[in-house]
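A short write-up of the structure that comes next.
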Amino acid sequence: MLGVNDNKLYSNLLIFKFKNFSLEYPEEIREILAYSENSGDLKELEILNTLGKCDYKKVFILGLGTTEEFNSVKLMRALGSAVKSIKNSIEDLDILDNLREDFGYNIGQVLELSLYKFKGIKQKEINVKLQKVNVISSCKDEISKGFIVGNSVNFVRNLVSLPSNYVTPKYIAQQAENIAKEGNLDIKIIDKYMLEQMGMNAILYVGKGSLHSPRLVALQYFGDSSSKEITAIIGKGVTFDSGGITLKPGKGMENMVSDMAGAASVLGTMKALSKLRPKKNIIALIPTVENMPSGNAYKPGDVITTYCGKTVQVISTDAEGRLILCDAIAYAKELGATNIIDIATLTGSCSQFLGGINAGLLSNSDELANSIINTGKEVGENFWRLPNNPEYLEQLKTDSADLKNSGTSCGAIVAGLFLESFAEDVNFAHLDIAGCAGSASGSDLYDAGATGMPTRTLIELLMK
Ligand code: BES
Ligand code: ZN
Ligand code: ZN
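Residue -2 is where the sequence shown starts when you use this note's numbering, and the numbers rise one by one after that.
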């Protein structure tokens, strides 16, 4: 239970301490602080047993570093690491927020993120011990907004972690329906029959081998009728990527249940934005399929006439993400999008050379690329821009069709350029999150597992 109140509720307290600046504390805390040996270094955590000297049993003192170097990312790292280290040893906690008002937004977010635990599917639920957290603060609005964002990111993490016998294309569509209903968004679910009528063949082909039929989910939020600007966010929703006929090796294939992390991130972004209601026009598109081998599956060599009319020769059925995305990009253009951003666990190549530290970013617009990079810095998510020289596209030339779906080298770049060629003259950015969607080690903010990246960047970008 997470909340914000004006006064003490629980038996343990966490307070902040700067290295070079004295924050104001209530009288009873000041006495305790006299016993503190915390130097105020960033993330330094000291536990004081109050021995009855005040109303709290334990006081946790958390260093925030120096005021000059302090920012919202540092605050989230410090508070996240503190919560993570104490969340299995105490049951309740008050946090005294005596920082600047806008930091409440970050406090709210990081509490949600650091307390989250993926419960899996187990007979007995295992919860973190720390179930009651109260922020003592006068910045209720900022903190509540932070809770909305953190909660939406946790929704993404859950969806990414759940297996593909739960998260099917139908399940993704149902989640979108829930978000639309809860947040009053327009929704259209284009089913297999309608996809056929419309000629969304790339989505249909990738989904052909599966018993779970594909869908294209469209959510709309129009918050600024005076503007013609529309941003489309498109998330890759492959609920399981076996590779199809170009079957992946068995080792590690279970991780391909998270090949819908882009879709989850788009859903989480819309979940948050439907509550935060920015003055922006946003379309969210989620092509969702299961990529399976079968007697009915699409095959290497097949030529697909995609939604915009361009034809693609399939070289690898494992390069399926770009196929479902190219139909969605064409559809976004038709709907009048002026900015298109896709989010996809698209290439092993990207995760190999950027790891989990940076997501790959490929864009035809310096302005859009820089705004994503800068927004990412503000929230602590990193994006590294990839080159997009047209020469890389030479790899995708073929006699059989307008282009092939896979080349020979520079996988992440070629995949991004494949998508960019469908966006044509519309501002376009592609985010390859193959290495960032999950983390084996976790970070200051969250435990190992799904990260929810780049949901916070998307939310912030669309709130501006
Ligand atoms: N879903 C994978 C990419 C991926 C790999 C995500 C590892 C997360 C971790 C994607 O559909 C894929 O299989 N890409 C191929 C493309 C190749 C066949 C051109 C890849 O990167 O190997
Ligand atoms: Zn694949
Ligand atoms: Zn994939």
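Think of the CB as a built atom: it goes at the ideal place given N, C-alpha and C, for glycine as much as any other residue. These numbers come from a predicted model, not from an experiment.
query	result
In terms of residues, what are the limits of the alpha helix (DSSP H) holding residue 154?	137 to 158
Kindly examine ligand 1 and report whether one of its heavy atoms sits closer than 7 Å to the Cβ of residue 250.	no
Figure out for me which residue from 269, 240, 432, 82 has the closest Cα to the Cα of residue 350.	432
If you measure between the beta carbons of residue 182 and residue 217, is that distance less than 8 Å?	yes
By alpha-carbon positions, which one of 163, 343, 118, 400 ends up nearest to residue 301?	400
Taking only heavy atoms of ligand 1 into account, decide whether any of them is closer than 7 Å to the Cβ of residue 228.	no
Let me know the beta strand (DSSP E) ranges lying completely inside the segment 204 to 271, each 3 residues or longer, listed in chain order.	212 to 219, 228 to 232, 234 to 238
Grab me the residues of residue 385's own chain with a C-beta within less than 8 Å of its C-beta, minus the 5 sequence neighbours each way, in chain order.	359, 360, 361, 410, 413, 414, 417
Do residue 114 and residue 422 have their beta-carbon atoms positioned less than 8 Å apart in this structure?	no
May I have the straight-line CA-CA distance separating residue 98 from residue 137, to the nearest angstrom?	9 Å
Which residues mark the beginning and the end of the beta strand (DSSP E) in which residue 310 is found?	308 to 310
What residue from 179, 392, 356, 388 has the CA that sits closest to residue 377's CA?	356
Quick one: grab the DSSP three-state call for residue 71.	helix
Are there three or more Cβ pairs, one per stretch, closer than 8 Å when the segment 89 to 97 is compared with the segment 2 to 9?	yes
Which of the three DSSP states, helix, strand or coil, is assigned to residue 363?	helix
Can you list, in chain order, the stretches of the alpha helix (DSSP H) that have 4 or more residues and sit fully within the segment 393 to 438?	408 to 420
Taking the alpha carbon of residue 480 as the point to measure from, which residue in 46, 60, 61 has its own alpha carbon closest?	This structure gives no information on residue 480, because the portion of the chain shown stretches from -2 to 461.
Check the DSSP bridge columns for residue 1 and list the partner residues they point to.	132
Determine the burial state of residue 160: buried for a count of at least 16 other Cβ atoms within 10 Å of its Cβ, exposed for fewer.	exposed
Whole angstroms is fine: what's the gap from residue 322's alpha carbon to residue 20's?	50 Å
Mind checking whether the beta-carbon of residue 342 lies closer than 7 Å to any heavy atom of ligand 3?	yes
Name the DSSP beta bridge partners of residue 382, please?	358
Go to residue 100, then tell me how far its alpha helix (DSSP H) extends in each direction, as first and last residue.	100 to 112
So for residue 282, helix, strand or coil by DSSP?	strand
Confirm, please, whether the CB-CB distance from residue 240 to residue 293 is below 8 Å.	no
Apart from the five residues on each side of it in sequence, which residues of its chain come closer than 8 Å, Cβ to Cβ, to residue 126?	84, 85, 86, 87, 88
Taking 7 Å as the line, does the beta carbon of residue 235 fall inside it for any heavy atom of ligand 3?	yes
Starting from residue 42, trace the beta strand (DSSP E) in both directions and tell me its first and last residue.	42 to 46
Quick check on residue 219: buried or exposed, where buried means 16 or more other Cβ atoms within 10 Å of its Cβ?	exposed
Grab the span of the alpha helix (DSSP H) containing residue 441 for me, first residue to last.	That residue, residue 441, is in no alpha helix (DSSP H); it is neither H nor E in DSSP.
Measure the alpha-carbon distance for residue 278 versus residue 227 and round it to whole angstroms.	5 Å
Can residue 426 and residue 434 be called in contact, C-beta distance under 8 Å?	no
For residue 139, count neighbouring Cβ atoms within 10 angstroms of its own Cβ and tell me buried if that reaches 16, exposed if not.	buried
Judging by CA-CA distance, which residue of 365, 222, 221, 198 is the nearest neighbour of residue 504?	As shown, the chain starts at -2 and ends at 461. That puts residue 504 outside it, with no answer to give.
Hey, would you say residue 453 sits closer than 8 Å to residue 1, going by beta carbons?	no
What does a CB cutoff of less than 7 Å around residue 460 pick up in its chain, not counting 5 residues either side in sequence?	273, 275
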